[in-house]
Amino acid sequence: MVTLRLLGNLRTPSGESVLEWELKEPMPLRQLLDTHQDEIPEVMAMLAETECMLTVGIRIASHTTIVRDGDTIKVTPHNSALHAADFPTWHGGTT
Numbered sequence: 000m001v002t003l004r005l006l007g008n009l010r011t012p013s014g015e016s017v018l019e020w021e022l023k024e025p026m027p028l029r030q031l032l033d034t035h036q037d038e039i040p041e042v043m044a045m046l047a048e049t050e051c052m053l054t055v056g057i058r059i060a061s062h063t064t065i066v067r068d069g070d071t072i073k074v075t076p077h078n079s080a081l082h083a084a085d086f087p088t089w090h091g092g093t094t
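FYI, in numbering that gives the first Met the number 0 the residues of the sequence shown are 0 to 94.
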């Protein structure tokens, strides 16, 4: 089983922020998301625009990251107008 956690204000169309999917064998993250795209349309739209960060476990993930049974995937949205990650003033950046 793989757990997908939608962070921030991301939700599924039914209002869920945590989904669990059966995984029979390891597969690339993109393939897993494509398999379940009808459950996470907002996430799929954000991926197309590179408006979110994906992690598998504690590591930043890419589309080719292999997902295994027991993994937790987190989807973190980012909005350049609201999130400090895009304006890193705390380590010398400018706004």
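Ideal placement from N, C-alpha and C gives every residue a C-beta, glycine not left out.
Inset, instruction - Could you tell me the distance, in whole angstroms, from the CA atom of Glu19 to the CA atom of Thr71? - result: Translated into the one-based positions of the sequence shown, residue 19 becomes position 20. Translated into the one-based positions of the sequence shown, residue 71 becomes position 72. Distance from the CA of Glu19 to the CA of Thr71, rounded to the nearest whole angstrom, comes to 9 Å.
Inset, instruction - Whole angstroms is fine: what's the gap from Thr75's alpha carbon to Cys51's? - result: By one-based count along the sequence shown, residue 75 stands at place 76. By one-based count along the sequence shown, residue 51 stands at place 52. Each residue's Cα considered, the two are about 5 Å apart.
Legend entry - Extent of the continuous alpha helix (DSSP H) to which Met43 belongs: Working through the sequence shown from its first residue, we reach residue 43 at position 44. Looking at the DSSP string, the run of the alpha helix (DSSP H) that includes Met43 is 40-47.
Inset, instruction - Provide the residue(s) that pair with Glu19 in DSSP beta bridges, ordered along the chain. - result: As a first step, residue 19 must be located in the sequence shown, where it is residue number 20. Paired residue(s): Thr2.
Legend entry - Proximity to Thr63 [Cα-Cα], best of Val42, Ala44, His77, Asp33: Position 64 of the sequence shown, counted from the start, is the residue given in the question as residue 63. Put simply, of Val42, Ala44, His77, Asp33 the residue whose alpha carbon is nearest the alpha carbon of Thr63 is Asp33.
Inset, instruction - Have a look at Ile65, Pro27, Leu6, Gly14 and flag the residue whose alpha-carbon is nearest the alpha-carbon of Glu38. - result: One-based indexing of the sequence shown puts residue 38 at position 39. Out of Ile65, Pro27, Leu6, Gly14, Gly14 has the C-alpha closest to the C-alpha of Glu38.
Legend entry - Whole-angstrom distance between Lys23 and Ser16, CA atom to CA atom: Here residue 16 refers to the residue found at position 17 when the sequence shown is read from its first residue. Here residue 23 refers to the residue found at position 24 when the sequence shown is read from its first residue. Rounded to the nearest whole angstrom, the CA to CA distance from Ser16 to Lys23 is 23 Å.
Inset, instruction - Find the nearest neighbour of Leu5 within the set Pro27, Pro40, Met26, judged by alpha-carbon distance. - result: Taking the sequence shown and counting its residues from 1, one reaches residue 5 at position 6. Leu5 has its Cα closest to that of Pro40, out of Pro27, Pro40, Met26.
Legend entry - Alpha carbon of Ser61 to alpha carbon of Pro12, nearest angstrom: Here residue 61 corresponds to residue number 62 of the sequence shown, with the count starting at 1. Here residue 12 corresponds to residue number 13 of the sequence shown, with the count starting at 1. Note on geometry: alpha-carbon atoms of Ser61 and Pro12 lie some 24 Å from one another.
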